[in-house]
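From first to last, the protein sequence lines stand for chains A and B.
Quick note on this note's numbering: the first sequence kicks off at 10 and runs consecutively.
Quick note on this note's numbering: the second sequence kicks off at 3 and runs consecutively.
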Amino acid sequence: EAQVTQNPRYLITVTGKKLTVTCSQNMNHEYMSWYRQDPGLGLRQIYYSMNVEVTDKGDVPEGYKVSRKEKRNFPLILESPSPNQTSLYFCASSLLGGTSGSQYFGPGTRLTVL
Amino acid sequence: GQQLNQSPQSMFIQEGEDVSMNCTSSSIFNTWLWYKQDPGEGPVLLIALYKAGELTSNGRLTAQFGITRKDSFLNISASIPSDVGIYFCAGQSGAGSYQLTFGKGTKLSVIP
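Here's what the structure looks like:
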């Protein structure tokens with residue numbers, strides 16, 4: 010089954026404790042992206058990647074890091090989480106070129122930073 | 003950055019009624035997408051539009067890509083309880099950019 014998976018689905022942590030949220034897709038998509046969703050603000054892009062070893066900042070990259078060592082994986086790293094990073098996070102992927110606007114989303118990771 | 007204005011923010015409708023929501027932008031987009039998000043889930047793509055003026059249907063859903071490329075609408079006919087959720091529009095400007103700009107969503111409630 011074609012899908013985007015994220016782990017963990019739920020995470021409660023404390024300020025300053027480094028964490029990684031994993032994202033994996035099995036559709037051989039070149040493009041992958043991370044979003045955060047907050048009430049009243051909708052979905053905002055954090056980082057994206059057009060291919061292996063190619064990453065770029067989205068609209069709200071501060072406090073986050075990403076890496077793209079393999080095509081299928083795109084982990085989101087919070088080196089020193091803070092309470093304002095409490096949010097619902099989504100990973101998405103799509104093909105490049107053609108009907109590339111059709112991004113497919115993972116199920117989400119709800120992060121709480123105390 | 004680019005912004006999308008999506009309206010209405012929320013709707014309460016009776017089962018069986020038709021629903022209409024729209025998105026407008028001050029910028030031109032080359033792709034318009036409509037997603038639905040159920041509680042606790044990620045957005046699921048409903049309809050993708052790639053040409054100005056394009057009208058596309060997916061079951062009871064119909065979406066159109068505005069001729070000016072600055073707007074799009076989504077209609078749901080004969081609503082049913084499982085239509086409940088948050089609907090998002092998203093635009094992609096193209097020209098080598100694959101970033102999506104999202105509207106803030108329309109929360110739909112269907113009264114049985």
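Quick reminder that beta carbons are idealized off the backbone N, C-alpha and C, glycines included.
What you are looking at is a predicted structure, and each value in this text was computed from that prediction instead of being measured.
Would you mind telling me which residues of chain B sit closer than 8 Å to residue i, beta carbon to beta carbon, in chain order?
i               : result
Gln54 (chain A) : Gln101, Leu102
Pro17 (chain A) : Simply none; closest approach about 14 Å.
Under 9 Å Cβ-Cβ, which residues of chain B neighbour residue i?
i                : result
Tyr40 (chain A)  : Tyr100
Ser111 (chain A) : Thr33, Leu35, Leu47, Ala50
Gly25 (chain A)  : Under the 9 Å cutoff, chain B gives no residues; its nearest Cβ is about 28 Å from Gly25 (chain A).
Phe83 (chain A)  : Under the 9 Å cutoff, chain B gives no residues; its nearest Cβ is about 14 Å from Phe83 (chain A).
Tyr57 (chain A)  : Tyr100, Gln101
Gly67 (chain A)  : Gln101
Buried or exposed, going by whether 16 or more other CB atoms sit within 10 Å of the CB of residue i?
i               : result
Arg77 (chain A) : buried
Phe14 (chain B) : exposed
Pro45 (chain B) : buried
Pro90 (chain A) : buried
Lys66 (chain A) : exposed
Ile55 (chain A) : buried
For residue i, which of helix, strand or coil comes out of DSSP?
i                : result
Asp85 (chain B)  : helix
Gln39 (chain B)  : strand
Gln112 (chain A) : coil
Asn93 (chain A)  : helix
Lys66 (chain A)  : strand
Gln8 (chain B)   : strand
Val61 (chain A)  : coil
Thr24 (chain A)  : coil
Gly51 (chain A)  : strand
Asp20 (chain B)  : coil
Lys109 (chain B) : strand
Leu48 (chain B)  : strand
Met36 (chain A)  : coil
Chain A partners of residue i, CB-CB under 8 Å?
i                : result
Ala65 (chain B)  : Per Cβ cutoff of 8 Å: no residues; Ala65 (chain B) is ~13 Å from chain A at best.
Lys106 (chain B) : Gly49, Leu50, Gly51
Phe90 (chain B)  : Gly51, Leu52
How many angstroms separate the CA atom of residue i from the CA atom of residue j?
i                : j                : result
Tyr37 (chain B)  : Thr108 (chain B) : 10 Å
Gln173 (chain A) : Arg81 (chain A)  : No answer is possible for residue 173 (chain A): it lies beyond the span of chain A, which begins at 10 and ends at 123.
Thr26 (chain B)  : Ser111 (chain B) : 22 Å
Gln39 (chain B)  : Ala11 (chain A)  : 18 Å
Val61 (chain A)  : Tyr40 (chain A)  : 9 Å
Ile113 (chain B) : Asp85 (chain B)  : 11 Å
Asn32 (chain B)  : Thr64 (chain B)  : 18 Å
Ala50 (chain B)  : Ser111 (chain A) : 7 Å
Which residues in chain A have a C-beta closer than 7 Å to the C-beta of residue i? List them in chain order.
i               : result
Gly44 (chain B) : Phe99, Phe114, Gly115, Pro116, Gly117
Is residue i near the ligand GDP, going by C-beta to nearest heavy atom under 7 Å?
i               : result
Lys38 (chain B) : In the structure on display, the ligand GDP does not appear, and there are no ligands present to speak of.
Can you confirm whether residue i, when its beta carbon is compared against all beta carbons of chain E, has any partner nearer than 8 Å?
i                : result
Leu105 (chain A) : The structure shown contains no chain E; its protein chains are A and B.
ask   = How about the region 80–87 of chain B and the region 16–31 of chain B: do they share at least three Cβ pairs that are nearer than 8 Å?
value = Contact between the region 80–87 of chain B and the region 16–31 of chain B is present, because at least three Cβ pairs lie under 8 Å.
query = Just checking, does the region 33–46 of chain A make contact with the region 90–101 of chain A on the three C-beta pairs under 8 Å criterion?
reply = With the rule of 3 Cβ pairs closer than 8 Å, the region 33–46 of chain A counts as touching the region 90–101 of chain A.
ask   = Is it a yes or a no for the region 20–33 of chain A touching the region 114–123 of chain A, going by three-plus beta-carbon pairs under 8 Å?
value = Taking a contact to require three or more Cβ pairs closer than 8 Å, the region 20–33 of chain A and the region 114–123 of chain A qualify as touching.
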